[in-house]
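>
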Amino acid sequence: MNLVSRENHPENTIIKIDNKEIVGGKKLMMIAGPCSVESEEQILTIARELKECGVEFLRGGAFKPRTSPYAFQGLQEEGLKLLQKAREETGMKIVSEITSTDDIELFDKYVDIIQIGSRNMQNFDLLRKVGKLNKPILLKRGLSATIEEWLMAAEYIMCEGNPNVILCERGIRTYETATRNTLDISAIPVVKSLTHLPVIVDPSHAAGRKDLIEPLSRAAIAVGCDGLIIEVHNNPEKALSDNDQQIKPKTYKKIYNNLKKVANAVDRNM
Ligand code: PEP
Ligand code: MN
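With the sequence shown counted from 1, adding 500 to any position gets you the numbering used here.
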């Protein structure tokens with residue numbers, strides 16, 4: 501380990517967009533939005549409600565890595581254009597997942613923070629290519645990746661010249677079936693001791709259950725995460741992907757306000 505290592509870079513990395521801090525400082529980075537972009541009305545409705553809550557970062561998948569090839573694969577380029585509409589209207593920054601090196605130019609054009617999903621954490625070609633960009637990269641932990649493997653994936657991005665890597669713990673595969681994955685809560689302080697990079701948490705994919713979003717978010721903030729990415733949908737029952745874990749904007753707002761107290765207790769803000 502070299503560029504990711506805290507030994508070589510003791511102070512926390514603070515990532516900026518247009519010279520404005522987005523993550524790594526005292527303020528928690530709150531990212532929210534649907535699993536998938538489904539229509540103009542859907543993404544704009546959700547974006548407006550989240551913006552009203554105070555959320556600055558809108559997530560939405562346009563290229564979806566689905567387990568089944570017959571499941572909804574995302575609106576692709578059209579989805580990215582709809583996200584851009586939401587950005588134009590609300591001023592929110594856009595987070596979306598890239599799945600192929602063929603789409604680098606498209607993402608560079610439409611997306612503010614490029615997500616590398618769990619399934620691509622060790623797609624070394626993709627890591628090197630996003631490493632050549634200047635944009636922040638949200639690097640999710642692989643489904644069964646060790647912390648060492650995850651940090652080495654970040655190293656692939658950084659060694660190409662892009663220092664703006666945000667790590668995201670999103671649950672790992674274990675024998676437990678009560679939750680979709682198991683949130684590795686200890687990974688947060690462990691990773692923060694090993695690296696200067698910011699670490700955020702995705703309780704939605706970790707749990708796969710709406711009822712666990714709030715308690716896992718509280719725990720993540722308490723152990724020192726730098727932000728949260730949460731799936732929010734205006735009509736979760738009808739969502740085209742991940743409908744068990746998506747919460748409504750109204751529920752998100754309640755959780756968001758409750759989390760402020762936890763943030764303040766550990767000297768952070770939202
Ligand atoms: C997602 O964010 O919708 C997603 C597919 O996440 P992960 O890569 O963590 O499964
Ligand atoms: Mn999802």
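Even glycine gets a Cβ: it sits at the ideal position worked out from N, Cα and C.
Would you mind sorting N662 into buried or exposed? The rule is 16 or more other CB atoms within 10 Å of its CB.
In the sequence shown, residue 662 corresponds to position 162, counting from 1. By the neighbour-count rule (16 or more Cβ atoms within 10 Å), N662 is buried.
> Mind checking who L606 pairs with in its DSSP beta bridge?
Position 106 of the sequence shown, counting from 1, holds the residue named residue 606. Looking at the DSSP assignment, L606 forms no beta bridge with any residue, so it has no partner.
> Which of the three DSSP states, helix, strand or coil, is assigned to L491?
Residue 491 cannot be examined here, being either before or after the span of the chain that is shown, 501 to 770.
> Closest to I614 by CA distance: which of E511, L639, E731, I546 is it?
Taking the first residue of the sequence shown as position 1, residue 614 is located at position 114. Considering only alpha carbons, the answer is L639.
> If you run the structure through DSSP and keep just helix, strand and coil, what is C553?
Taking the sequence shown and counting its residues from 1, one reaches residue 553 at position 53. DSSP places C553 in helix when its eight states are reduced to three.
> Mapping the DSSP letters down to three states, classify K754 as helix, strand or coil.
Translated into positions along the sequence shown, residue 754 becomes position 254. Three-state DSSP puts K754 in a helix.
> Look at the Cβ atom of G708, then the Cβ atom of N681, and state whether they are nearer than 9 Å.
Taking the first residue of the sequence shown as position 1, residue 708 is located at position 208. Taking the first residue of the sequence shown as position 1, residue 681 is located at position 181. A contact, by the Cβ cut-off of 9 Å.
> Can you tell me whether A678 is buried or exposed? The criterion is at least 16 other CB atoms within 10 Å of its CB, across all chains shown.
Taking the sequence shown and counting its residues from 1, one reaches residue 678 at position 178. It is exposed - the Cβ of A678 has fewer than 16 other Cβ atoms within 10 Å.
> According to DSSP, is V690 helix, strand or coil?
Numbered from its first residue, the sequence shown carries residue 690 at position 190. Three-state result, V690: helix.
> Measure the alpha-carbon distance for R718 versus K564 and round it to whole angstroms.
Looking up residue 718 in the sequence shown gives position 218. Looking up residue 564 in the sequence shown gives position 64. Rounded to whole angstroms, R718 to K564 spans 28 Å at the Cα level.
> Taking only three categories from DSSP, how would you classify G500?
Residue 500 lies beyond the stretch modelled for the chain, which goes from 501 to 770, so this question has no answer here.
> State buried or exposed for A765, treating a residue as buried only when at least 16 other CB atoms are found within 10 Å of its CB.
Numbered from 1 along the sequence shown, position 265 holds the residue referred to as residue 765. Exposed, because fewer than 16 other Cβ atoms sit within 10 Å of the Cβ of A765.
> Of all the beta strand (DSSP E) runs that stay within the bounds of the segment 665 to 752, which reach a length of 3 or more residues?
Entirely contained in the segment 665 to 752, the beta strand (DSSP E) runs reaching 3 residues are, in chain order, 665 to 669, 699 to 701, 727 to 731.
> Do A720 and L712 have their C-beta atoms closer together than 9 Å?
To locate residue 720, count along the sequence shown from 1; it is residue 220. To locate residue 712, count along the sequence shown from 1; it is residue 212. No, the Cβ-Cβ distance between A720 and L712 is not below 9 Å.
> Could I get the ranges of all uninterrupted beta strand (DSSP E) runs contained in the segment 608 to 662, with 3 residues as the minimum, in chain order?
Correct list: 613 to 616, 637 to 640.
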